[in-house]
Amino acid sequence: EKQAHHPGGDVMGVSWHPADPNQLCTACQDGHLRLWDVGLESPSQCSVLYTFSGHTARAFNVAFHPVVHCVVASTSDDRTVRVWDISTPASAEKRKLLGHLGFTRALLWHS
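In the working numbering, the protein residues as written are 10 to 120.
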């Protein structure tokens, strides 16, 4: 059994990487997304590869793009949907979708 300390408070949403069984992304209470190496192929402990910042309130959901596997979208109580490129961690946020009148909670890519 593997355990990991999660630095961002409660995890609100989780999405497994569609092509890499060792990675998942979490949407967290502190508004951050975290990309994890869960080490399914090794006995090492789980670790955070990158932390993505941008949301100003609780991040609620996260979903990997079904075809472009380096793209992730997230929703938040800051009333935005954000699109991230996890292959460029230093400048990961690519789009911020504004205009929602309430919290954004559900998320689904069109495939």
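No residue lacks a Cβ here, since even glycine has one placed at the ideal position from N, Cα and C.
From this set, the options, which residue's C-alpha is nearest residue i's C-alpha?
i    : options              : result
S125 : W45, S96, P75, H64   : Limits of the chain in this structure are 10 at one end and 120 at the other, which puts residue 125 out of reach.
L58  : V76, A99, S120       : A99
R104 : L110, A68, D94, T113 : D94
F61  : S120, H119, D19, C37 : C37
V80  : S56, A115, L44, D19  : L44
L42  : V20, C55, Q54        : V20
Any idea which residues DSSP pairs residue i with across the strands?
i   : result
Q33 : Note on residue identity: the sequence assigns Leu, not Gln, to residue 33. Paired residues: W25, W45.
A72 : A82
S56 : D46
At a cut-off of 8 Å, is residue i close to the ligand COA when judged by its beta-carbon and the heavy atoms of the ligand?
i   : result
P75 : With respect to the ligand COA, the structure offers nothing, as it holds no ligand at all.
Please list, in chain order, all residues of the same chain as residue i whose beta carbon is under 8 Å from its beta carbon, the five residues on each side excluded.
i    : result
L117 : A72
S120 : P75, V76
L107 : R88, T89
L5   : Absent from the structure is residue 5, since the part of the chain shown begins at 10 and ends at 120.
Can you list, in chain order, the residues of its chain whose CB lies under 7 Å from that of residue i, leaving out five sequence neighbours each side?
i    : result
N31  : D46, V47, G48, L49, E50
H78  : H26, P27, A28
S85  : G40, H64, A66, R67, A68, F69, T113
A101 : F61, W93, D94, I95
My output table needs one value for residue i: the three-state DSSP class, helix, strand or coil.
i    : result
A101 : coil
S62  : coil
V92  : strand
T77  : The displayed chain sequence assigns Val, not Thr, to residue 77. Note: V77 maps to coil in three-state DSSP.
L110 : coil
Going by beta carbon distance, what residues of the same chain come within less than 6 Å of residue i, once the five residues before and after it are set aside?
i   : result
S24 : C34, V71, A72, F73
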